[in-house]
Amino acid sequence: MANLFFRIRNSKRTRISIALLLAIISLNAYPKLILVLSLGLVYLTYPATLGPLKRWKFWVTIVFLVLLIPVFSQPTDGHFWIIPYNQALLQQTSLMALRGILVFLLFQVLTYELQQEQLSSFFRKIGIPQFDGIYGVSRETIPQARQILSQRYQVFKSRKARAGLIESVYDLLTHILADFVRLSETLASKPARMTGFSDPALLIRQVDLQESLIILTGPSGAGKTSWLTRLITELMHQEIRVDGLLSVREKLNDQDWRQISHRIATGERHPLNSTEIIKDGIELGQFYFYPDAFEWAGEAIRAVGAIQWLIIDEIGPLEIAGNGYTPALRSYFSSTSQPSQVVFTLRPQLMEHLDQYLNQYFEPLAARPKVIIRLK
């Protein structure tokens with residue numbers, strides 16, 4: 004035990020971690036100098052840990068968090084161009100951001116080349132069994148936040164020339180804030196238990212080198228949405244661009260429920276159908292579809308940009324008949340570059356109509372190799 008303690012105490016990781024911890028504590032004295040020295044120290048010892056800092060998305064997040072409170076707080080005693088802000092609050096949020104960067108560097112150094120199992124075992128031994136939950140949330144939250152920023156930045160670039168810089172920046176910040184609020188609400192409402200289906204990462208590796216059409220099928224309650232959620236999380240974690248629509252069930256009362264159409268890249272949501280009677284709704288079987296559901300979904304599909312994976316949950320009887328999502332999907336596939344991977348969910352009883360549906364509406368997709376995933 005003494006030898007182990009000596010090795011830990013004298014390891015390079017420990018020395019750098021202690022230096023970063025001291026930098027965090029003393030940051031108020033010389034913030035900029037301490038940050039530069041800390042970055043230099045980490046660059047000389049663990050350069051690979053600085054990878055995230057080289058990406059513009061990292062700094063967009065930092066700038067957004069720094070400016071959010073000062074710009075929207077009163078009184079305002081400073082101006083950047085024509086944007087007023089509170090100088091005292093800006094100094095405070097800037098200092099908080101610098102401290103956050105140092106904490107991030109410390110975490111990067113502490114976890115460099117460590118596996119989740121090693122960290123999980125260590126935290127359990129010191130009485131912190133919640134590590135696995137925190138790790139899981141971080142793997143889901145950070146990639147989704149990064150996806151939101153990337154998607155909104157693409158909209159900002161296209162809007163800037165038409166609406167002007169100030170209006171576009173304001174629109175960007177308000178939409179990012181709304182997306183983050185939706186993300187937090189979505190995460191808060193999710194059950195903690197994960198389903199035990201096969202790892203979607205295996206699918207990602209399998210189809211990596213060729214364009215494919217992936218069909219996910221299974222009866223109601225088999226876990227299609229849960230499986231797709233895991234797939235989306237893994238894609239975002241690997242920084243693979245993904246977008247599309249996910250159908251999420253929401254309970255209304257003891258007897259009725261509805262489905263919410265959820266846009267993957269932005270977190271935007273809109274009611275799709277319900278087992279309750281809806282005024283002016285479209286009745287199909289036991290469901291009533293909201294009158295504007297497919298108008299909203301069509302706009303969401305047409306707004307999808309250049310991506311690698313497109314997920315549509317689900318292709319149902321309306322789509323097979325050429326309605327529902329089908330018109331918007333036809334417009335999308337005819338006007339944009341094709342995603343490498345397309346994922347459709349389908350009920351088992353509709354599988355026999357799949358080839359006819361593809362040949363009638365999506366000939367390029369019909370020619371792709373198919374990967375069929377059956378859930379029971």
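Here my numbering = 1-based position in the sequence shown + 3.
Glycine included, each C-beta is placed from N, C-alpha and C at the ideal position.
Residue closest to residue i, alpha-carbon to alpha-carbon, out of the options
| i | options | result |
| --- | --- | --- |
| Arg185 | Arg165, Gln147, Phe159 and Ile207 | Gln147 |
| Leu38 | Asn89, Leu109 and Pro330 | Leu109 |
| Tyr115 | Ser171, Gly54 and Arg155 | Gly54 |
| Thr79 | Lys373, Tyr88 and Ala303 | Tyr88 |
| Leu378 | Lys254, Asp246, Asp259 and Asp202 | Asp202 |
| Leu332 | Gln344, Ile304 and Glu355 | Ile304 |
| Asn326 | Ile285, Val374 and Pro34 | Ile285 |
| Lys282 | Tyr33, Gln289 and Tyr293 | Tyr293 |
| Val251 | His273, Asp257, Gln258 and Leu71 | His273 |
| Ala204 | Val345, Pro222 and Leu234 | Leu234 |
| Thr144 | Ser334, Phe183 and Arg266 | Phe183 |
| Thr232 | Ile267, Leu42, Val345 and Asn256 | Ile267 |
Expected contact under 8 Å - CB spacing of residue i and residue j to nearest Å
| i | j | result |
| --- | --- | --- |
| Arg350 | Thr220 | 7 Å |
| Leu249 | Asp316 | 5 Å |
| Ser264 | Ala306 | 13 Å between Cβ atoms; not a contact. |
| Gln90 | Gly81 | 4 Å |
| Tyr156 | Val63 | 7 Å |
| Pro34 | Leu93 | So it is not a contact: roughly 13 Å between Cβ atoms. |
| Leu105 | Ile169 | Contact doesn't hold; Cβ gap of about 33 Å is too wide. |
Cutoff 7 Å; reference residue i; Cβ partners in own chain excluding five residues on either side
| i | result |
| --- | --- |
| Val112 | Arg16, Ile19, Ser20, Leu23, Val45, Tyr49 and Thr52 |
| Ile323 | Leu353, His356 and Tyr360 |
| Ile72 | Leu92 and Thr96 |
| Ser334 | Arg305 |
Pair within 8 Å by beta-carbon distance, residue i and residue j
| i | j | result |
| --- | --- | --- |
| Ile218 | Phe107 | no |
| Leu101 | Leu30 | yes |
| Pro320 | Gly301 | no |
| Val74 | Ile86 | yes |
| Arg261 | Glu253 | yes |
| Ile314 | Gly224 | no |
| Leu216 | Arg371 | yes |
Own chain partners of residue i with C-beta closer than 8 Å, once the 5 adjacent residues on each side are dropped
| i | result |
| --- | --- |
| Phe336 | Phe365, Pro367 and Leu368 |
| Ser171 | Phe159, Arg162 and Lys163 |
| Gln77 | Asn89 |
| Glu242 | Pro146 and Arg149 |
| Val374 | Leu206, Gln209, Val210, Ser215, Leu216, Ile217 and Ile218 |
| Ala166 | Asp174 |
| Leu40 | Ala26 |
| Asp259 | Ser277, Thr278 and Glu279 |
| Gly288 | Pro320 |
Chain-order list of residues whose beta-carbon lies under 6 Å from that of residue i (same chain, five-residue window excluded)
| i | result |
| --- | --- |
| Ser343 | Glu214 and Gln311 |
| Phe290 | Asn276 |
| Gly43 | none |
| Ile318 | Phe347 and Leu349 |
| Phe61 | Pro55 |
| Ile376 | Leu219 |
| Ile65 | Ala100 |
8 Å Cβ cutoff, residue i in contact with chain C
| i | result |
| --- | --- |
| Trp230 | This model lacks chain C altogether; it includes just one protein chain. |
query: Should the stretch 142–154 be called in touch with the stretch 177–189, which here means at least 3 C-beta pairs below 8 Å?
result: yes
field: Touching by the beta-carbon criterion (3+ pairs, under 8 Å), the stretch 232–243 and the stretch 273–280
entry: no
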